Structures are given as C-alpha cells and as structure tokens.
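Structure record follows, encoded as structure tokens.
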Amino acid sequence: MTTALIPTMPMAKRLGTVLATLAAALLLFFAGMAHAAEPVKISRDDTALDLTATTEIYTNQGEAFQVSTAAGADGIRRRIEVRSSSPNHQGDWAVFALANVSEEQLERVIVAPHFRLVNSKVFWPDLGSQRIVAITPSEGFALDRQPSDEADVFRITLNPGAVVTFVAELSSPNLPQLYLWEPNAYKDTVNAFTLYRGIVLGIAGLLAVFLTILFVVKGTSMLPATAALAWAVLGYICVDFGFLGKLISITSSDQRIWRACAEVALASSLVIFLFTYLNLNRWHAHLGYVTLAWVLGLALLFGVAIYDPSIAAGIARLSLALTATAGLLLIIYLGFNRYDRAILLVPAWALILVWLFGAWMTIMGKLDNDIIQPALGGGLVLIVLLIGFTVMQHAFAGGAFQQGLFSDLERQSLALTGSGDTVWDWDVARDRVVTTPDISMKLGLSPGSMHGAARNWLPRLHPDDRDRFRATLDVLLEHRRGRLNHEFRIRAEDGHFHWLSIRARPVLGSNGEIIRCVGTIVDITEQKNSIERLLHDAVHDNLTGLPNRQVFLDRLQAVLTLASDSNQLRPTVMVIDIDRYKLVNDTLGVAAGDNILIALTRRLRRLLKPQDTLARLSGDQFGLILVSERDPAKVADFADAISKAIMVPINFANREIILTASVGLTSWVDQQENASGMLSDAELAMYRAKRAGGNRVEPFQPAFRSFGTDRLQLETDLRRAVERKELSLVYQPIVRLEDAEVAGFEALMRWEHPKRGNIPPTEFIPIAEASDIIGPLGMFALEQATNDLKAWQRQTGDLPLFVSINLSSVQLLNNELYDDIRALLAKTHCDPSRIKLELTESQVMENPEQARLVLDKLREAGIGLALDDFGTGYSSLAYLTRFPFDTIKLDKAMVRDESDKKAILLRSVISMARELNMRVVAEGIESEEDALELAKIGCTYGQSFIFGPPMGSESVIRLLKERFPLTKRA
C-alpha cells in the first residue's frame with residue numbers, strides 16, 4: 001500500500017496544483033465580466049413599463065463587453081460577448097432582461113428619450129443627446145431602430161416563455177429613462193402629446209404675433225419687452241417640443257446648443273420685461289446700470305452656449321431664479337408705495353413663482369412623470385397670456401387717457417392726486433375728521449392724532465384763530481349751503497405754527513341736513529411767510545430792518561395830524577448823515593461799511609423811546625421823529641447825545657474807526673406844514689452842517705431854503721455858461737526864484753455871470769463836481785490852456801514855459817481821461833512836457849489804485865504831475881513815493897507859518913524833494929525876503945501876487961514880450 005501509494009502521491013499533488021491555478025484564473029476572468037440581470041416579466045396586458053430602475057449601466061468597459069444572461073426556462077445562465085458597432089464608442093453599456101410570461105408572442109418597442117427635464121439638474125444640466133446606438137439581444141439578431149427625432153426607439157419580439165437579455169450600446173453614460181411600450185399604446189401617446197403640443201404652440205405663436213402688432217400700434221416701451229418675452233417662450237417651446245427639428249435639420253449635439261440658447265433667451269427677456277414694465281430707472285438710476293450689466297452678461301452666454309451648452313444653460317436657470325426673487329422683492333416694495341403697475345403684476349408674478357417651483361422640483365427629480373415636462377411648457381404660455389392681459393390693460397388705459405376717454409370723476413381724482421393736496425373729510429353725522437394722507441405726520445405728531453372729532457382740533461389752533469374756526473363751522477352747519485374757505489394757524493409738535501387752508505363743500509342728506517363736508521387742506525406756511533417778507537421788505541430797509549423813507553413820511557404825517565389837535569405834541573425831525581462814510585467803504589469794503597451801519601443803528605435805537613421813530617432814508621442817512629421830547633433844550637441835548645453816540649470808536653478788523661455825523665433838525669411850528677416839507681427842511685439843515693465841515697448839529701433856519709434855491713439856479717446857470725462860453729481862463733505867473741524869471745503859469749478858471757457878475761471858483765467848482773458838469777468843464781480848461789500856450793509860442797517864440805492845470809477827482813477817476821488828453825494834445829500839436837496837471841492829495845485819496853494807474857499812464861506820455869496843497873494832509877510823504885509826481889506845491893499855510901520851526905520844516909521838505917528829483921513850488925510868498933530865503937534853501941519856483949496877479953491871455957503875451965524882448969517870434 002505504501003509503495004503503491006508512494007508513486008501515486010506525487011501525481012495527486014501535481015493535479016491539485018493545476019486545479020487550483022485553473023480556479024484562480026476563472027475567478028479573475030469572471031470578475032471582469034458583468035453578472036446576469038434579473039428579467040422583467042411581461043404579460044399581454046402590460047402596455048408601458050419603466051425599465052430605468054432595472055437597467056444596469058456599465059461604464060468604461062471597452063469595445064468588447066461580456067455579460068451573463070438571465071437564467072432561461074431551463075435555469076441555465078449563458079455568457080455572451082458584444083462588440084461595439086461604432087469606432088468612437090466610449091465603452092458605456094446598459095444591460096436589462098425581459099421575460100415573456102404569457103403564452104403569446106409579444107411585440108414591444110424600447111424607447112429612450114433624447115432629452116428629459118426630470119432630474120436634469122440646475123448646474124451643468126443634461127441637455128439631451130442620442131442615448132442608445134444599438135441593442136443586441138442574447139438570442140437572435142440586433143434590434144431594428146424605428147424612426148424618431150425625439151427618442152431612440154427599437155422594436156422587439158418576445159416568444160412565449162422566452163427570457164432574453166438585452167445589451168445596449170450607449171453613446172453616453174447617462175440614460176435618464178428607458179421605457180418598454182406596446183406599439184399601439186406608444187403611438188397613441190405620441191399622437192396625444194403631438195396634439196397638445198400643437199395647441200400650445202399655436203397659442204404661443206398667436207400671443208407673440210399679437211403682442212408684436214400691439215407694440216407697432218401703441219409703441220409704448222413695455223409692449224416690445226412683453227413681445228420679446230413671448231417670442232422667447234415660443235422659441236423655448238419649439239425646441240422643447242421638438243418642433244424645431246421639423247423645420248430645420250439638426251443633430252443631437254446641435255439640439256443641445258439650441259436648447260441652451262432658448263433658456264438664455266428666456267432668462268434675458270424676463271429681466272428686460274421686469275425692468276421695462278416696472279420702469280425701474282424711474283426709481284433709481286443705479287437699477288438701470290444693474291439691469292444693463294445683467295442683460296449684457298446673459299447676452300455673452302449665447303457665445304458660451306456654442307462651446308459649452310451646459311454651462312450656459314446652468315447660468316440661465318440660475319438667472320431665472322434670481323430674477324424671480326428680485327422681482328418679488330421689487331413688487332412688494334413698490335406695491336407698498338402704491339405703484340399701480342407693481343400691484344397689477346402680482347398675479348402674473350405669483351404664477352411665475354409657482355412655475356419656477358415646479359420646474360425646480362422637476363429638474364431635481366422630485367416630480368417624475370411624463371406629463372410634467374409638457375405641462376411646464378403650457379405653464380409658460382399661460383404666464384405670457386396673463387402678462388399680455390396686464391400689459392394690454394395699461395396700453396388701453398393709456399390710450400383712453402390720451403384720447404380723453406375718462407369720466408369726470410376720474411378726471412377730478414387725477415387732478416387731486418396730481419396736486420398733492422390733502423383730502424379733508426368731516427363726517428358730520430359721526431363728528432369725525434379724517435385727512436388723507438394723514439396730516440398728523442406733517443405736523444410731527446403721532447399717526448392719527450388729528451383724526452376724530454372736529455373739536456379736538458381747537459386746542460392746537462392759535463388762540464386768535466379758535467373762535468373764527470368754530471364760528472365758521474357753525475355758520476356752515478346752520479345755513480346748510482355755501483363753501484368752507486378758511487385759513488388758520490395750527491401748532492406743530494415742535495411748537496411752531498403752520499398756516500393751513502381748508503377749502504371744502506358740504507354734502508346734504510335726504511333730509512336737507514349736512515351729513516358730510518369734503519375738501520382739501522393745504523399747508524400755506526411758505527406762501528404766508530413769503531407775503532410777510534414781501535410786505536416787510538416793501539416798507540423796511542433790508543440791511544438794518546429800519547423803516548424806509550416812505551414809511552417815515554407816513555408816520556411823520558400821522559404825527560403831524562395828531563399834533564394839530566393836541567398842544568402836548570410837538571414833534572422834531574432830525575436827519576443824520578455820516579461824515580466820510582464813502583471813505584470807509586472805499587478803504588474797508590462795502591461789507592465792513594454795512595456792519596458799521598448796523599452797529600450805528602443799534603446805538604441810535606438805544607437812545608429812543610417807544611413813541612419815537614428811526615428810519616434809514618438813504619445809504620448813510622438816517623431820519624428820526626422825536627416825539628418823546630418837546631422842550632428845545634432837551635431836544636438839543638438829545639441831538640448832542642446822537643453825535644456823541646456815533647463818535648464812540650468802533651473796533652473792526654483790529655483797527656479803531658471813529659466816525660462823526662452831520663445832524664440837521666427842525667421842529668414843528670406851522671400847522672400848515674406837511675411831512676415832506678419838514679423832511680426837506682431837516683435835510684437842508686443837515687447839508688448846511690456838512691458844508692460847515694461836518695460833526696455838528698445845525699437847526700433849520702428859513703434862510704436855508706433860499707440858499708438851496710440859489711444853488712439849484714446856480715447849477716442851471718453853470719450848464720448854460722458852458723454852452724454860452726461865459727467861462728474863461730486867467731493865468732498866474734510861476735517864476736524861478738534864483739533869477740525871478742517867468743517859468744510858467746497856473747491856469748485859473750473864471751465865470752462872468754451875466755447877472756451876478758464874477759463868481760469865484762470856490763463857489764461854482766463844488767457845484768460842478770457834485771453834478772455831471774465837471775467833465776465838460778475840465779476838458780474846456782485843458783483845451784483852452786493848450787490853445788493859449790500855442791498862441792504864446794507863435795507870438796514870442798519857443799520859450800521854456802509850462803502851464804499848470806488843476807484836475808478834479810471826478811476827472812481823475814474817469815477811465816477815458818488818458819485817451820481824451822492824448823487826443824487833445826494830438827489835435828493842438830502841443831508838447832506834453834509843457835503841460836503840468838495839479839492834483840490835491842484828497843483827490844488822490846478817494847481811489848488810490850485807480851489814481852495810480854491813470855497817473856502812471858499820463859507820466860509815461862510825458863505830462864508833468866504836481867501835488868498841490870502839500871502839507872495840509874496827513875499822508876503826503878507816502879504819496880511822494882507811491883505816485884509819479886515830479887513837482888510838489890507847498891501850501892501857503894506852510895510858507896506863511898509864523899512859528900519858530902518854520903525854517904526847519906521848509907528846509908527838510910525842500911531837501912527831501914531835491915533828493916527825490918522833484919521840483920518845489922512855494923505858494924503865497926509875502927515878501928522878497930521870503931523869496932530870497934526860499935531860493936537859498938533850494939526852492940525852485942515861487943507863485944504869489946508879488947510876482948504878478950492872474951491875467952488874461954493877451955496880458956500874458958505882453959508880459960512875455962517885455963521880459964524876453966530879444967526873443968524872435970516863431
């Protein structure tokens with residue numbers, strides 16, 4: 001046994017090893033193959049079976065795929081191998097098995113739809129494609145494909161009791177649905193859906209065309225947006241229902257692009273419609289920018305759809321959800337703001353939200369049936385239909401307004417809404433007042449505070465208006481007719497009173513009694529304030545708040561009327577004029593001058609009693625009606641108090657300003673005198689005070705009236721004198737002190753009045769400067785002097801003579817002075833160096849900057865400039881360096897000074913002038929000794945009666961011929 005066994009032991013061991021190796025190989029082989037699928041049992045009565053759940057999907061299995069078949073009737077499982085029919089196959093396969101449990105041969109069709117909205121997802125959705133390339137059964141030949149544009153359809157035949165395993169070659173790993181249909185039932189279902197789709201397509205097409213025609217007819221902005229939405233829905237339905245494939249030939253990959261573009265168009269048109277219909281640009285400009293950016297971003301998706309339709313469709317679906325959310329928020333906000341368009345859009349937008357919710361449940365797989373996808377297409381058409389009705393309502397309503405086809409009630413309602421007035425409704429029967437909108441909010445009160453009984457308004461009314469308000473309502477109720485038109489003041493929460501105006505009419509009941517009073521209530525506070533300001537400004541000065549001249553005269557006339565009936569009233573009128581106020585404006589500016597006037601007004605007011613009146617008559621002139629004092633001594637003391645109050649220094653901009661005033665006063669003595677006459681008398685007294693140097697109080701005297709009349713007559717005669725050539729020039733010699741020879745002349749004007757004789761310049765020159773006569777008068781002097789100088793040169797030869805002509809401040813400030821003098825010199829051919837213009841420092845001081853510009857131009861033209869009356873002002877030394885003077889004329893007051901320091905002062909001034917290369921003319925020299933003394937200390941010229949009085953032009957020629965006998969005539 002052992003021996004027998006020995007040789008047999010190695011043989012058994014080798015056999016076991018071979019069997020183990022074979023088993024391992026078989027295990028590895030079957031691990032790479034698919035297992036057999038469980039068969040789905042089919043009977044004769046099964047018309048439609050969903051094979052999706054029982055179908056097994058195998059991915060990346062290569063070109064050859066092996067699978068175990070389902071066990072047949074004999075219980076044997078066989079293995080089959082299927083090879084792909086397409087060289088581009090990705091190795092994706094599907095396996096399912098069918099078992100015919102009936103005793104009849106069964107004909108069925110296997111249907112795999114290209115696109116199914118159910119479970120297509122939001123992001124990177126499945127937009128459809130060819131699903132099955134071919135189906136191979138475990139017995140028999142490959143199944144025949146049936147023609148269909150929307151699905152992969154294969155016809156099969158199952159013998160009685162047969163169990164067949166089917167292997168489907170997939171074009172992609174996604175197989176959303178696989179159905180087994182009885183052929184006739186499938187045909188009936190397709191026909192039913194075709195009919196439904198045709199009806200929906202017809203309605204959508206008609207809606208799109210109708211809305212487009214409506215847009216052409218009406219042309220409002222919301223109609224093209226609605227038409228665009230309708231066309232987008234029509235396009236989406238054409239793609240979804242497969243109608244596009246019947247119009248043009250498209251492949252399955254092209255259909256994915258068309259479907260993505262349809263969803264992008266639907267999302268874009270919904271955004272445009274929402275923006276246009278709600279007119280969002282009206283509410284905020286930024287909403288327009290956001291919408292434009294949104295639409296442009298969606299427009300770019302059309303390009304993205306060509307390269308990756310899934311991304312474009314996913315973004316479009318997200319945009320639809322965001323648009324619906326944003327639209328919901330906008331409708332809620334605008335609805336609470338009573339925007340009628342937003343309110344009318346509520347039903348349509350609610351339907352859109354329901355549709356989007358159903359679509360979301362569908363694409364997420366929550367709703368899974370064959371009806372949901374066509375139903376969603378019909379829902380889109382229903383949405384467009386409802387939106388179309390909403391838009392047409394606006395279109396026809398707008399047309400009615402444009403054509404005037406609305407009722408009187410509607411017209412009145414629109415007018416009331418447009419006016420912005422508040423409706424005031426008093427229910428008399430229930431004694432309840434209601435305002436719409438609530439007027440309590442405008443008054444700062446809690447909402448509804450002013451609603452209730454009419455008597456509740458009385459505590460808030462102004463005390464002066466309560467009785468009138470109550471009486472007005474009582475009269476209206478008593479008479480039972482008329483209108484309520486009442487203005488009153490009511491106190492707001494902040495304590496201020498508002499002016500309100502009620503305009504209402506009563507409504508009578510069947511018994512003739514007032515049951516209601518309806519009208520409007522308007523806040524007229526601004527209008528009342530404007531009227532008060534206008535009335536105040538009409539009779540008061542805007543700067544000081546004082547009464548103006550007209551009010552002053554009215555009050556004065558009223559006081560005079562009372563005074564004529566009472567011996568205890570004796571009014572006094574004062575006119576106060578601020579001296580040198582123009583200098584303050586020119587130096588510190590108009591704003592500073594205004595502040596100073598306000599300060600002076602406050603000072604004067606403190607001196608008055610309640611019965612007195614202070615007014616501003618003109619720029620720097622005040623009027624005062626003094627009623628509180630009638631004793632002449634006390635009136636004089638009061639006038640002195642006014643002068644002292646004005647003289648109190650005013651601190652402004654770190655400098656101290658001291659002002660004075662000229663005061664003219666007159667007291668009422670004549671009962672026949674009126675207000676304007678008293679004011680004129682006070683003004684004459686004031687002018688008299690100013691002519692006397694200012695800073696004084698001047699009572700009125702009847703002689704002042706004749707002076708004023710004489711001054712006016714003199715001005716009239718002066719105007720005629722210029723025209724009648726009654727004016728002439730005389731010339732006073734100016735000699736060189738070193739040799740007493742004539743160096744020049746000063747031209748002096750004379751007026752020979754036909755009735756009053758010779759009138760001195762000191763009397764008529766101020767009148768000319770106060771009027772517009774000084775301009776022609778100055779040009780007459782310049783022209784006459786240059787003509788006389790040329791005549792002297794023709795008679796006596798070219799002597800080194802000059803003529804000095806006085807210039808007024810009015811001429812100096814005239815912008816045309818330089819051009820006039822240049823034109824005059826060119827006309828007379830006179831040498832500019834022979835002309836010297838004389839100005840006083842007070843004339844230059846009126847406008848230093850303007851004077852400097854004019855004098856610089858004159859000096860550049862070669863005309864000499866002399867500073868007259870040097871030594872009488874307070875800033876002469878500064879003017880010597882600021883202005884281009886080449887000569888100074890020492891005032892006679894300085895030359896005739898009798899003090900011990902006269903010689904020192906003259907020597908200093910003359911020495912300073914010589915250092916500045918300026919000539920010096922001494923006026924008013926009284927003796928030859930003074931002339932010699934001035935010559936010794938360096939004075940250049942002298943002008944005085946000891947050298948010759950003023951003389952006419954003919955006398956000048958004789959003088960020159962006597963002093964220069966050897967000079968030949970030119």
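Each residue of the sequence shown is one higher than the last, beginning at 1 in my numbering. C-beta atoms are modelled at their ideal positions from N, C-alpha and C, and glycine is treated no differently. Predicted, not measured: the structure shown is a model, and the values here were computed from it.
Checklist entry - Which value, in whole angstroms, describes the spacing of the CA atoms of residue 849 and residue 808? => result For the purposes of this step, residue 849 is taken as residue 849 along the sequence shown, with counting starting at 1. For the purposes of this step, residue 808 is taken as residue 808 along the sequence shown, with counting starting at 1. Their Cα atoms are separated by approximately 16 Å.
Checklist entry - Cα separation between residue 142 and residue 65? => result If you number the sequence shown from 1, residue 142 lands on position 142. If you number the sequence shown from 1, residue 65 lands on position 65. Spanning the two alpha carbons is a distance of roughly 15 Å.
Item to check | Secondary structure of residue 479, DSSP reduced to three states | outcome: Taking the first residue of the sequence shown as position 1, residue 479 is located at position 479. The answer is helix: DSSP assigns residue 479 an H, G or I state.
Checklist entry - Taking the alpha carbon of residue 93 as the point to measure from, which residue in 146, 82, 323 has its own alpha carbon closest? => result For the purposes of this step, residue 93 is taken as the residue at position 93 of the sequence shown. Of 146, 82, 323, the smallest CA-CA separation from residue 93 is found for 82.
Checklist entry - How far does the alpha helix (DSSP H) with residue 447 in it reach, from first residue to last? => result As a working mapping, residue 447 is identified with position 447 in the sequence shown. Here residue 447 belongs to no alpha helix (DSSP H), and DSSP marks it neither H nor E.
Checklist entry - Got a sec, what are the start and stop residues for the beta strand (DSSP E) residue 618 sits in? => result Your numbering for residue 618 matches position 618 in the sequence shown. Per DSSP, residue 618 belongs to the beta strand (DSSP E) from 613-618.
Checklist entry - What's the call for residue 1031, buried or exposed, on a 16-neighbour Cβ count within 10 Å? => result No answer is possible for residue 1031: the residues shown for the chain start at 1 and end at 970.
Item to check | Buried or exposed by the 16-neighbour rule on C-beta atoms within 10 Å, applied to residue 402 | outcome: Taking the sequence shown and counting its residues from 1, the one referred to as residue 402 is at position 402. Residue confidence for residue 402 is low, a pLDDT of 42 falling below 50, so the modelled location carries little weight; the figure read from the coordinates is stated next. Flag for residue 402 reads exposed.
Checklist entry - Below 8 Å between beta carbons: does that hold for residue 942 and residue 922? => result Counted from its first residue, the sequence shown places residue 942 at position 942. Counted from its first residue, the sequence shown places residue 922 at position 922. Yes; because the gap between Cβ atoms is below 8 Å, this pair is in contact.
Next on the checklist: According to DSSP, residue 868 sits in a beta bridge with which residue or residues?
Outcome noted: On the sequence shown, position 868 is the one that residue 868 refers to. As a beta-bridge residue in DSSP terms, residue 868 pairs with 840.
Item to check | Collapsed DSSP secondary structure at residue 598 in the structure displayed | outcome: The residue labelled residue 598 in the question sits at position 598 within the sequence shown. Helix at residue 598.
Next on the checklist: Please list the terminal residues of the continuous beta strand (DSSP E) segment that includes residue 516.
Outcome noted: Along the sequence shown, read from residue 1 onward, the residue named residue 516 stands at position 516. Annotation: the continuous beta strand (DSSP E) that includes residue 516 extends over 514-523.
Checklist entry - What is the C-beta distance between residue 558 and residue 668, in whole angstroms, given that I count them as a contact (C-beta under 8 Å)? => result Residue numbering aside, residue 558 sits at position 558 when the sequence shown is read from its first letter. Residue numbering aside, residue 668 sits at position 668 when the sequence shown is read from its first letter. Contact annotation, residue 558 with residue 668: C-beta distance approximately 13 Å; criterion of less than 8 Å not satisfied.
Next on the checklist: Could you tell me which whole beta strand (DSSP E) segments of length 3 or greater appear in the segment 850-932?
Outcome noted: The segment 850-932 contains these whole beta strand (DSSP E) runs: 864-870, 887-890, 919-923.
Item to check | Where residue 70 sits in the DSSP three-state scheme | outcome: Walking along the sequence shown from the start, residue 70 turns up at place 70. If DSSP states are grouped into helix, strand and coil, residue 70 belongs with coil.
Next on the checklist: If the criterion is Cβ atoms closer than 8 Å, does the pair residue 98 and residue 164 meet it?
Outcome noted: Here residue 98 refers to the residue found at position 98 when the sequence shown is read from its first residue. Here residue 164 refers to the residue found at position 164 when the sequence shown is read from its first residue. Contact flag set, yes.
Checklist entry - Who does residue 436 pair with in a DSSP beta bridge? => result What you label residue 436 is simply residue 436 of the sequence shown in a count that begins at 1. Residue 436 pairs with 423.
Item to check | Proximal residues to residue 783 (C-beta, below 7 Å), its chain only, five neighbours per side dropped | outcome: In the sequence shown, residue 783 corresponds to position 783, counting from 1. So the list reads 824, once near-sequence residues are dropped.
Checklist entry - In whole angstroms, what separates the C-alpha of residue 502 from that of residue 479? => result Taking the first residue of the sequence shown as position 1, residue 502 is located at position 502. Taking the first residue of the sequence shown as position 1, residue 479 is located at position 479. Taking the straight line joining both Cα atoms gives about 18 Å.
Checklist entry - CA-CA distance, residue 963 and residue 699? => result Walking along the sequence shown from the start, residue 963 turns up at place 963. Walking along the sequence shown from the start, residue 699 turns up at place 699. Cα to Cα, residue 963 sits roughly 56 Å from residue 699.
Checklist entry - With distances taken from CA atoms, which of 519, 457, 507, 475 is nearest residue 490? => result If you number the sequence shown from 1, residue 490 lands on position 490. Among 519, 457, 507, 475, the Cα nearest to that of residue 490 belongs to 457.
Checklist entry - Which term fits residue 202, buried or exposed, when burial requires 16 or more other beta carbons within 10 angstroms of its beta carbon? => result The residue labelled residue 202 in the question sits at position 202 within the sequence shown. Note on residue 202: under 16 other CB atoms within 10 angstroms of its CB, so exposed under the neighbour-count rule.
Item to check | Length of the line joining the Cα atoms of residue 787 and residue 828 | outcome: The sequence position of residue 787 within the sequence shown is 787, counting from 1. The sequence position of residue 828 within the sequence shown is 828, counting from 1. The alpha-carbon atoms of residue 787 and residue 828 are separated by roughly 7 Å.
Item to check | Identity of the residue in 429, 756, 637 nearest residue 511 by Cα | outcome: What you label residue 511 is simply residue 511 of the sequence shown in a count that begins at 1. Nearest Cα to residue 511 within the set 429, 756, 637: 429.
Next on the checklist: Going by DSSP, what residue range makes up the beta strand (DSSP E) through residue 749?
Outcome noted: Locating residue 749 in the sequence shown gives position 749, counting from the first residue. Its beta strand (DSSP E) spans residues 742-753.
Next on the checklist: If you reduce the DSSP assignment to three classes, tell me which class residue 1006 lands in.
Outcome noted: Coverage of the chain is limited to positions 1 through 970, which leaves residue 1006 absent and any answer about it impossible.
Item to check | Where the beta strand (DSSP E) containing residue 107 begins and where it ends | outcome: Here residue 107 is taken as the residue at index 107 of the sequence shown, counted from 1. According to the DSSP assignment, residue 107 belongs to the beta strand (DSSP E) that extends over 106-113.
Checklist entry - How would you write the range of the alpha helix (DSSP H) that residue 585 sits in, first residue to last? => result Here residue 585 corresponds to residue number 585 of the sequence shown, with the count starting at 1. Counting along the chain, residue 585 sits inside the alpha helix (DSSP H) bounded by residues 581-588.
Checklist entry - Enumerated in chain order, which unbroken segments of the alpha helix (DSSP H) with a length of 4 residues or greater are wholly contained in the segment 602-665? => result Counting only runs of 4+ residues, the alpha helix (DSSP H) found wholly inside the segment 602-665 occupies 632-647, in chain order.
Checklist entry - Going by the beta-carbon positions, is the gap between residue 180 and residue 131 smaller than 8 Å? => result The count along the sequence shown starts at 1 and reaches residue 180 at position 180. The count along the sequence shown starts at 1 and reaches residue 131 at position 131. No, the pair does not count as a contact, with Cβ atoms beyond the cut-off.
Checklist entry - Expressed to the nearest angstrom, what Euclidean distance is found between the alpha-carbon atoms of residue 681 and residue 852? => result Taking the first residue of the sequence shown as position 1, residue 681 is located at position 681. Taking the first residue of the sequence shown as position 1, residue 852 is located at position 852. Residue 681 and residue 852 have their C-alpha atoms spaced approximately 41 Å apart.
Checklist entry - In whole angstroms, what is the alpha-carbon distance linking residue 116 and residue 155? => result As a first step, residue 116 must be located in the sequence shown, where it is residue number 116. As a first step, residue 155 must be located in the sequence shown, where it is residue number 155. Going by C-alpha positions, residue 116 is about 21 Å away from residue 155.
Checklist entry - Should residue 908 be labelled buried (16 or more other beta-carbon atoms within 10 Å of its own) or exposed? => result Within the sequence shown, the letter at position 908 stands for residue 908. Looking at its Cβ environment, which holds fewer than 16 other Cβ atoms inside 10 Å, residue 908 is exposed.
Checklist entry - In three-state terms, what does DSSP make of residue 96? => result As a working note, residue 96 is residue 96 in the sequence shown. Correct three-state label for residue 96: strand.
Next on the checklist: Tell me the DSSP secondary structure of residue 759 in three-state form.
Outcome noted: Here residue 759 is taken as the residue at index 759 of the sequence shown, counted from 1. Per DSSP, reduced to three states, the secondary structure at residue 759 is strand.
Checklist entry - Run through DSSP, which three-state label would residue 41 get? => result Residue 41 sits at position 41 when you count from the first residue of the sequence shown. The answer is strand: DSSP assigns residue 41 an E or B state.
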